[in-house]
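The next block holds one structure in the form of structure tokens; read it before the comments.
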Amino acid sequence: MHKQTAVLQDEWTSGTIESDLKNYLDADGLRILQQMLVYNPGKRISAKTLLTDVYFSSVDRSKLPAGSLDGTLQLPRL
């Protein structure tokens, strides 16, 4: 493992996220953030799964810039 990668991974696993952000995020916010910051991309939460998480259930998707985003991309026909 590359030295810089090992240092970065050690920093992420040190458990400071909870203590640093506990005043800004509730338990669900911390949970979802930790799932997004998983170092191994194969174990990291996908964007599509993220959009279906209960944490985002109160978001009015019709007001998003992409409309009623459901995790699928519809390209315009040329």
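First residue of the sequence shown? That's 1190 in this note's numbering, and the numbers climb one at a time after it. Yeah, the Cβ is synthetic: ideal placement off N, Cα and C, and Gly gets one too. Keep in mind it's a predicted model, so treat the numbers as computed, not measured.
Ser1208: member of the alpha helix (DSSP H) spanning 1205-1210, first to last residue. Under the DSSP assignment, Gly1231 falls outside any alpha helix (DSSP H); it carries neither an H nor an E label. Remark: C-beta atoms of Val1227 and Arg1220 do not approach each other more closely than 7 Å.
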